[in-house]
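Residue numbers (our numbering): 1 to 154.
Glycine included, C-beta positions come from ideal geometry on N, C-alpha and C.
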């Protein structure tokens, strides 16, 4: 089908390049959808249509899973300009963009968020989980910093 061995490699390289190019197009369209969803959410379209949530509304309108709808809505609500710019340029996909937002929400530094691009998605999820985890000493220091409640006050 592909001829000689050299032609096969070149053909595979071409197909891979085409596949990655189409994924960049998908990412750019997802960025456009995020902007539209942000506008629709601000207009409370889900409530007006009788849906229980905006995720439900997006999932039903786009015929996507609740997981994909949730990622789109998460990005719309986060308003993370840096992540949205990467998505709109097709440099990252929807899952990576949502993960970068989750990292930032978990308390990751800007450097950690950008460095997460060097991980596969599973590795970046583990990074987010490790950032969210609070050590016993961190929990104790936060607890000790609290002001005791005066039992005589309502």
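The continuous alpha helix (DSSP H) containing residue 110 extends over residues 110-115.
Separation of the CB atoms of residue 55 and residue 73 is rounded to 6 Å, and the pair is thereby assigned contact status at 8 Å. If you compare the alpha carbons of 13, 59, 130, 115 with that of residue 37, the shortest gap goes to 59. Taking one beta carbon from each stretch, the segment 81-98 and the segment 16-33 have 3 or more pairs nearer than 8 Å; the two touch. One alpha carbon belongs to residue 41, the other to residue 35, and they sit about 10 Å apart. For residue 66, the enclosing alpha helix (DSSP H) starts and ends at 66-78.
Contact annotation: residue 97 and residue 71 have beta-carbon atoms nearer than 9 Å. In the structure shown, residue 131 falls within a helical segment according to DSSP collapsed to helix, strand and coil. For residue 112 against residue 103, the beta-carbon gap comes to about 6 Å, under 8 Å, which counts as contact.
Counting along the chain, residue 82 sits inside the alpha helix (DSSP H) bounded by residues 81-88.
Of the candidates 88, 17, 10, 81, 81 places its Cα closest to the Cα of residue 110.
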